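Chemist:
What follows is the structure, encoded as structure tokens:
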């Protein structure tokens, strides 16, 4: 299963979802959906904005667990 590591990255950097929403210009509800891994289809525009704000690469943003499906 592929999951986003937004929660981990924000915690590591001591940042909040509200901060991320403000930095990216993306609605808090959308950020919250990505944060809670409720998104089924990822929007490349949003992922780009998140990576830019968190100074990370897409590879750092995603986690893949091949045993969970």
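Numbering (this note's numbering), first residue to last: 418 to 486.
Glycine included, each C-beta is placed from N, C-alpha and C at the ideal position.
Just so you know, these numbers come straight off a predicted model, no measurement behind them.
Have a look at 473, 479, 428, 435 and flag the residue whose alpha-carbon is nearest the alpha-carbon of residue 456.
Modeler: In the chain shown, residue 456 corresponds to position 39, counting from 1. Checked all of 473, 479, 428, 435; the closest Cα to residue 456 is 479.
Chemist: Residue 475: which of 444, 454, 461 sits nearest, CA to CA?
Modeler: Here residue 475 refers to the residue found at position 58 of the chain shown. The shortest Cα separation from residue 475 among 444, 454, 461 belongs to 461.
Chemist: What separation, rounded to the nearest whole angstrom, lies between the Cα atoms of residue 422 and residue 452?
Modeler: Residue numbering aside, residue 422 sits at position 5 when the chain shown is read from its first letter. Residue numbering aside, residue 452 sits at position 35 when the chain shown is read from its first letter. Each residue's Cα considered, the two are about 8 Å apart.
Chemist: Could you check where the beta strand (DSSP E) with residue 432 kicks off and where it finishes?
Modeler: Numbered from 1 along the chain shown, position 15 holds the residue referred to as residue 432. Counting along the chain, residue 432 falls outside any beta strand (DSSP E), and DSSP gives it neither H nor E.
Chemist: What separation, rounded to the nearest whole angstrom, lies between the Cα atoms of residue 482 and residue 425?
Modeler: Residue 482 sits at position 65 when you count from the first residue of the chain shown. Residue 425 sits at position 8 when you count from the first residue of the chain shown. One C-alpha to the other measures close to 16 Å.
Chemist: Near residue 468, what residues of its chain come up, given a Cβ to Cβ distance below 7 Å and the 5 sequence neighbours on each side ignored?
Modeler: Residue 468 sits at position 51 when you count from the first residue of the chain shown. So the qualifying residues of the chain are 474, 475, 478.
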